[in-house]
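**Student:** I have a structure here, written as structure tokens, and I will follow up with some questions on it.
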Amino acid sequence: MSNQNRDLTRSNDVVIVGGGLAGLFCALKLAPRPVTVISAAPLGKGASTAWAQGGIAAAVAEGDSAEAHAADTVAVGAGLVDEAVALGLAREAGARIRDLLHYGVPFDRDLEGRLAVSREAAHSARRIVHVRGDMAGKAIISALIDAVRATPSIQVIEGYVAEALLTGNGAVAGLQVRQAGDACAKPVTIAATAVVLATGGIGHLYAVTTNPVEASGLGLAIAARAGAVIADPEFVQFHPTAIMIGRDPAPLATEALRGEGATLINDRGERFMLARHPLAELAPRDIVARGVFAEITAGHGAFLDATTALGNSFSEKFPTVHASCMAAGIDPSRQPIPVAPAAHYHMGGIAVDADGRTSVPGLWAGGEVSCTGAHGANRLASNSLLEAAVYAARIARDIDGRAPLTRARQPAVTPVRPNCAMPALSEQNLRAAMTALVGVIRDGDGLAEAVRGFAAIEGDTGNITLRNMATTALLVAASAWARRESRGAHYRTDWPGEKPVPGKRTMTTLAAARDIAALLSERPAARSAQPIIA
Ligand SMILES: Cc1cc2nc3c(=O)[nH]c(=O)nc-3n(C[C@H](O)[C@H](O)[C@H](O)COP(=O)(O)OP(=O)(O)OC[C@H]3O[C@@H](n4cnc5c(N)ncnc54)[C@H](O)[C@@H]3O)c2cc1C
Numbered sequence: 079m080s081n082q083n084r085d086l087t088r089s090n091d092v093v094i095v096g097g098g099l100a101g102l103f104c105a106l107k108l109a110p111r112p113v114t115v116i117s118a119a120p121l122g123k124g125a126s127t128a129w130a131q132g133g134i135a136a137a138v139a140e141g142d143s144a145e146a147h148a149a150d151t152v153a154v155g156a157g158l159v160d161e162a163v164a165l166g167l168a169r170e171a172g173a174r175i176r177d178l179l180h181y182g183v184p185f186d187r188d189l190e191g192r193l194a195v196s197r198e199a200a201h202s203a204r205r206i207v208h209v210r211g212d213m214a215g216k217a218i219i220s221a222l223i224d225a226v227r228a229t230p231s232i233q234v235i236e237g238y239v240a241e242a243l244l245t246g247n248g249a250v251a252g253l254q255v256r257q258a259g260d261a262c263a264k265p266v267t268i269a270a271t272a273v274v275l276a277t278g279g280i281g282h283l284y285a286v287t288t289n290p291v292e293a294s295g296l297g298l299a300i301a302a303r304a305g306a307v308i309a310d311p312e313f314v315q316f317h318p319t320a321i322m323i324g325r326d327p328a329p330l331a332t333e334a335l336r337g338e339g340a341t342l343i344n345d346r347g348e349r350f351m352l353a354r355h356p357l358a359e360l361a362p363r364d365i366v367a368r369g370v371f372a373e374i375t376a377g378h379g380a381f382l383d384a385t386t387a388l389g390n391s392f393s394e395k396f397p398t399v400h401a402s403c404m405a406a407g408i409d410p411s412r413q414p415i416p417v418a419p420a421a422h423y424h425m426g427g428i429a430v431d432a433d434g435r436t437s438v439p440g441l442w443a444g445g446e447v448s449c450t451g452a453h454g455a456n457r458l459a460s461n462s463l464l465e466a467a468v469y470a471a472r473i474a475r476d477i478d479g480r481a482p483l484t485r486a487r488q489p490a491v492t493p494v495r496p497n498c499a500m501p502a503l504s505e506q507n508l509r510a511a512m513t514a515l516v517g518v519i520r521d522g523d524g525l526a527e528a529v530r531g532f533a534a535i536e537g538d539t540g541n542i543t544l545r546n547m548a549t550t551a552l553l554v555a556a557s558a559w560a561r562r563e564s565r566g567a568h569y570r571t572d573w574p575g576e577k578p579v580p581g582k583r584t585m586t587t588l589a590a591a592r593d594i595a596a597l598l599s600e601r602p603a604a605r606s607a608q609p610i611i612a
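Residue numbers (this note's numbering): 79 to 612.
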């Protein structure tokens with residue numbers, strides 16, 4: 079607990095939920111206005127931000143432009159990117175990088191002192207600003223934490239999970255929080271007139287993921303339960319090369335390894351991507367993920383082989399990946415690395431406008447939990463940290479300009495529900511079902527089974543965390559069932575073709591997802607006599 083943890087009931091009118099880039103940046107931008115930041119994990123832990131390896135996309139190099147950056151973003155998003163949003167994001171990148179430099183992030187520079195930029199897949203120019211090779215996330219979060227700790231107007235409450243939004247007269251009135259890891263702890267009510275959700279992604283709803291346990295979709299669930307519109311939840315990006323060494327979450331073998339010439343092989347030593355795409359291992363992320371998935375499903379396994387491309391230079395060029403492999407007894411300079419696709423990034427989320435406002439008055443959302451329209455059906459690498467910073471700044475400006483400055487009063491109604499310990503098997507089942515039925519390759523019968531199962535958990539469980547996980551899982555599965563096409567990261571074997579560009583975005587609600595569940599529960603299960611979700 080930090081010395082900034084003070085009185086839980088001493089409310090500021092603005093409460094930010096989340097201690098990653100989006101949450102901390104927003105708090106700093108709001109200073110000197112008093113704000114409370116609530117984080118499930120201690121700052122620096124439990125946030126995807128800290129794990130980012132590549133960096134932040136920004137068209138800051140000579141010869142590059144915001145227009146070119148936006149065009150690359152649109153091209154990757156498979157017909158669903160909002161072009162005005164992508165351009166706005168690209169245009170504000172330089173200003174937000176300057177802010178991060180001001181907060182102390184030591185971005186790498188070239189010999190002339192200009193920001194050093196590297197290239198990543200599907201970017202038409204070198205435009206990824208980075209820190210000491212693969213250390214961008216760690217450097218960003220540690221600079222922001224120092225800045226937050228030095229800002230007296232920011233009250234930080236660590237180790238508390240937001241589990242419900244409180245509303246009154248159709249607007250947000252506060253939050254219900256509970257001590258993390260203690261299902262029996264007494265819930266606490268925090269009053270607020272403006273709540274910013276910056277709770278990150280949903281990767282941990284899947285059995286195989288690169289995301290921290292805190293990325294379990296709880297923020298999205300509490301917004302949905304308060305009636306917020308949810309956009310494009312079916313679009314989940316799977317990273318093709320998570321390292322399979324029995325760790326949960328799985329460490330990442332960065333794309334840059336393939337950029338350096340590492341190849342994907344099966345247990346017979348065959349380069350299976352050669353037959354799947356002209357760019358082989360450098361094909362778009364979703365195509366490589368499906369190639370790896372198909373090889374594993376066929377029983378041939380999948381391995382990333384850097385023995386020829388990197389050999390002895392592996393440890394120097396990729397220290398983080400090298401350390402993960404060595405800890406599991408694999409020397410990646412001499413042995414292929416076992417890999418599998420893993421849930422990595424959520425393109426969908428709480429629908430927000432250009433100021434980060436949701437459809438619920440008094441509720442804003444920023445970072446991975448939100449859906450701005452910038453990513454469409456697939457995310458361009460390194461655009462997510464950029465989006466988190468750009469929208470956090472816009473939310474702060476909007477709240478400062480518009481939200482009432484009155485002191486928040488304790489909400490009259492507190493929806494305290496009895497809680498019970500998390501049933502371990504149900505959580506495991508839910509995560510296994512997400513990977514098996516709502517994963518890299520989907521079909522209508524499997525999605526229908528998932529929808530029925532998640533709706534049952536959502537309705538039945540007495541554990542609030544599990545209920546919120548099931549709420550988000552239901553929204554993802556129901557929207558994936560309703561999207562009868564394959565597009566970007568969403569691939570269905572029963573609807574393999576993509577509908578013409580531009581596509582139609584999903585705008586849904588929890589009530590609509592429950593309606594789909596009710597419809598499907600009237601139909602006989604088509605696939606398995608024994609459902610995966612027990
Ligand atoms: C391994 C990895 C590598 C990546 N590399 C890159 C990259 O190079 N470039 C890039 O642009 N993107 C990258 N990404 C994606 C990027 O890191 C995330 O999209 C981004 O950091 C999200 O920031 P955020 O602030 O929205 O969420 P996070 O940084 O995930 O922070 C979420 C915060 O919310 C808290 N929280 C969650 N739920 C609750 C709750 N109910 N109550 C209270 N607190 C809660 C968490 O504890 C945490 O503090 C990577 C992601 C991963 C996992």
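Virtual Cβ for every residue (Gly too), placed ideally from N, Cα, C.
With DSSP run on the structure shown, which of helix, strand or coil describes residue 513?
**Tutor:** In this structure, residue 513 counts as helix in the three-state DSSP scheme.
**Student:** Less than 9 Å separating the beta-carbons of residue 181 and residue 121?
**Tutor:** No, these two residues do not count as a Cβ contact at 9 Å.
**Student:** For residue 220 and residue 94, what's the separation of their Cα atoms in angstroms?
**Tutor:** If you take the alpha carbons of residue 220 and residue 94, they lie about 18 Å apart.
**Student:** To the nearest angstrom, how far is the alpha carbon of residue 161 from that of residue 392?
**Tutor:** Straight-line Cα distance between these residues: approximately 39 Å.
**Student:** Is the beta carbon of residue 284 less than 9 Å from the beta carbon of residue 420?
**Tutor:** Cβ distance < 9 Å, so residue 284 and residue 420 count as in contact.
**Student:** For residue 397, name the three-state secondary structure that DSSP assigns.
**Tutor:** Note: residue 397 maps to helix in three-state DSSP.
**Student:** For ligand 1, is there any heavy atom lying closer than 8 Å to the beta carbon of residue 413?
**Tutor:** No.
**Student:** Residues bridged to residue 316 by DSSP?
**Tutor:** Beta-bridge pairing links residue 316 to 421.
**Student:** Out of curiosity, what's the CA-to-CA distance linking residue 325 and residue 248?
**Tutor:** Taking the straight line from one Cα to the other gives about 43 Å.
**Student:** Using a Cβ-Cβ cutoff of less than 8 Å, which residues in the same chain neighbour residue 590 once the five nearest sequence positions on both sides are dropped?
**Tutor:** Cβ within range, chain order: 556.
**Student:** Suppose you measure from the CA of residue 79 to the CA of residue 116; what does that come to, to the nearest Å?
**Tutor:** Low confidence applies to residue 79: its pLDDT is 39, below 50, so where it sits in the model is not reliable, and the reading given next is rough at best. Cα to Cα, the separation comes out at about 12 Å.
**Student:** Assign residue 233 to one of two classes, buried (16 or more other C-beta atoms within 10 Å of its C-beta) or exposed (fewer than that).
**Tutor:** Buried: at least 16 other Cβ atoms inside 10 Å.
**Student:** Compute every distance between the C-beta of residue 305 and the non-hydrogen atoms of ligand 1, then say whether any falls below 8 Å.
**Tutor:** No, since every heavy atom of ligand 1 falls outside the 8 Å radius drawn around the Cβ of residue 305.
**Student:** What number of angstroms, rounded off, separates the C-alpha of residue 543 from the C-alpha of residue 246?
**Tutor:** If you take the alpha carbons of residue 543 and residue 246, they lie about 23 Å apart.
**Student:** Is residue 527 near ligand 2 - that is, is its Cβ less than 8 Å away from at least one heavy atom of it?
**Tutor:** Annotation note on ligand 2: not contained in the displayed structure, which lists ligand 1 as its ligands.
**Student:** Going by the CB atoms, is the gap between residue 253 and residue 454 shorter than 9 Å?
**Tutor:** No, the Cβ-Cβ distance between residue 454 and residue 253 is not below 9 Å.
**Student:** Helix, strand or coil: how does DSSP classify residue 494 here?
**Tutor:** Caution applies to residue 494, whose pLDDT of 49 falls short of 50 and renders its modelled position unreliable; the value that the coordinates give is listed next. Looking at residue 494 - three-state DSSP - the assignment turns out to be coil, as it is neither helix nor strand.
**Student:** Mind reading off the beta-carbon distance from residue 276 to residue 546? Whole number of angstroms is fine, and I expect it under 8 Å.
**Tutor:** So it is not a contact: roughly 16 Å between Cβ atoms.
**Student:** Would you kindly work out how many angstroms separate the C-alpha atoms of residue 348 and residue 356, rounded to a whole number?
**Tutor:** Spanning the two alpha carbons is a distance of roughly 16 Å.
**Student:** Any contact between the segment 302–315 and the segment 565–574? By contact I mean 3 or more CB pairs, one from each, below 8 Å.
**Tutor:** Short answer: they touch.
**Student:** Give the range of the alpha helix (DSSP H) segment to which residue 159 is assigned.
**Tutor:** Neither: residue 159 is in no alpha helix (DSSP H) and is coded neither H nor E.
**Student:** Among the candidates 164, 138, 152, 518, whose CA atom is the shortest distance from the CA of residue 175?
**Tutor:** That would be 138, whose Cα lies nearest to the Cα of residue 175.
**Student:** Is any heavy atom of ligand 1 found at a distance shorter than 8 Å from the C-beta of residue 464?
**Tutor:** Flag set: Cβ of residue 464 near ligand 1.
**Student:** Quick check: residue 463 and residue 218, are their CB atoms within less than 9 Å of each other?
**Tutor:** Yes.
**Student:** What are the start and end residues of each continuous alpha helix (DSSP H) run of 4 or more residues lying completely inside the segment 319–357, in chain order?
**Tutor:** Counting only runs of 4 or more, we get 334–337.
**Student:** Count the other CB atoms within 10 Å of the CB of residue 41; is the residue buried (16 or more) or exposed (fewer)?
**Tutor:** Residue numbering for the chain in the displayed model covers 79 to 612; residue 41 lies beyond these limits and cannot be assessed.
**Student:** Mind checking if residue 209 is an interface residue toward chain C, Cβ cutoff 9 Å exclusive?
**Tutor:** Given the protein chain composition of this structure (a single chain), no chain C is represented.
**Student:** Are three or more beta carbon pairs between the segment 223–243 and the segment 192–199 nearer than 8 Å?
**Tutor:** Contact between the segment 223–243 and the segment 192–199 is absent, because fewer than three Cβ pairs lie under 8 Å.
**Student:** Helix, strand or coil for residue 613, going by three-state DSSP, please let me know.
**Tutor:** The question about residue 613 has no answer here: the residues shown for the chain are numbered 79 through 612.
**Student:** Given residue 104, which residues of its chain have a CB within under 7 Å of its CB, disregarding the five upstream and five downstream residues?
**Tutor:** Answer for residue 104: 94, 274, 276, 444, 470, 473, 474, listed in chain order.
**Student:** Taking 8 Å as the cut-off, does the CB of residue 535 come closer than this to any heavy atom belonging to ligand 1?
**Tutor:** It does not: the Cβ of residue 535 is nowhere closer than 8 Å to a heavy atom of ligand 1.
**Student:** Could you give the uninterrupted runs of the beta strand (DSSP E) lying entirely in the segment 230–264, keeping only those of 3 residues or more?
**Tutor:** The segment 230–264 contains these whole beta strand (DSSP E) runs: 232–236, 238–246, 249–257.
**Student:** Go through its chain and collect everything with a Cβ distance to residue 411's Cβ below 6 Å, but skip five positions before and after it.
**Tutor:** Same-chain partners within the cutoff: 389, 390, 392.
**Student:** On the DSSP letters alone, give me the boundaries of the beta strand (DSSP E) that residue 427 sits inside.
**Tutor:** That run of the beta strand (DSSP E) goes 427–429.
**Student:** So, do the segment 353–367 and the segment 287–304 have three or more beta carbon pairs nearer to each other than 8 Å?
**Tutor:** Touching, no, given that fewer than three Cβ pairs across the two stretches are closer than 8 Å.
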